[in-house]
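In our numbering, the protein residues as written are 66 to 160. Glycine is no exception: its CB is placed at the ideal position from the N, C-alpha and C atoms. No experiment lies behind these values; they were computed from the predicted model shown. In what follows, a single structure is set out as structure tokens and then discussed.
Set out below in structure tokens:
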């Protein structure tokens with residue numbers, strides 16, 4: 066399931082068309098629990114991999130995944146990045 070949905074809207078003030086991004090309730094808590102469970106299983110599999118003579122660290126993979134996932138659910142940072150992108154490329158007709 067998606068963590069959010071995007072809707073098309075129009076501002077009452079000036080009629081400008083905007084995107085409205087809505088995040089599902091309790092997304093951060095759900096993600097935190099999911100990552101906790103994935104890290105726990107990663108530790109289990111790390112032990113199995115060590116027994117098999119393999120040097121694979123699934124917990125580190127889950128940590129990296131978690132960092133990316135938390136960045137994805139940070140809509141405030143996403144809005145700031147979109148604003149900055151718009152400023153940088155406002156004059157570029159190809160964009």
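What did DSSP end up calling residue i once you bin it into helix, strand or coil?
i	result
residue 88	strand
residue 148	helix
residue 69	strand
residue 83	strand
residue 75	strand
residue 156	coil
residue 103	helix
residue 128	helix
residue 119	coil
Going by other Cβ atoms of all chains shown within 10 Å of its Cβ, with 16 needed for buried, is residue i buried or exposed?
i	result
residue 107	buried
Which residues in the same chain have their Cβ closer than 7 Å to the Cβ of residue i, if we skip the five residues on either side of it in sequence?
i	result
residue 93	138
residue 88	68, 69, 138 and 140
Going along the chain, which residues of its own chain have a beta-carbon closer than 6 Å to the beta-carbon of residue i, five neighbours each way excluded?
i	result
residue 72	85
residue 103	127
residue 82	75
Apart from the five residues just before and just after residue i, which ones in its own chain have a Cβ nearer than 8 Å to its Cβ?
i	result
residue 111	121, 122, 123 and 124
Is there a Cβ from chain B that is less than 9 Å from the Cβ of residue i?
i	result
residue 86	Any reference to chain B falls outside this structure, which holds one protein chain only.
The region 148 to 159 / the region 123 to 140 touching (three or more Cβ pairs under 8 Å): no
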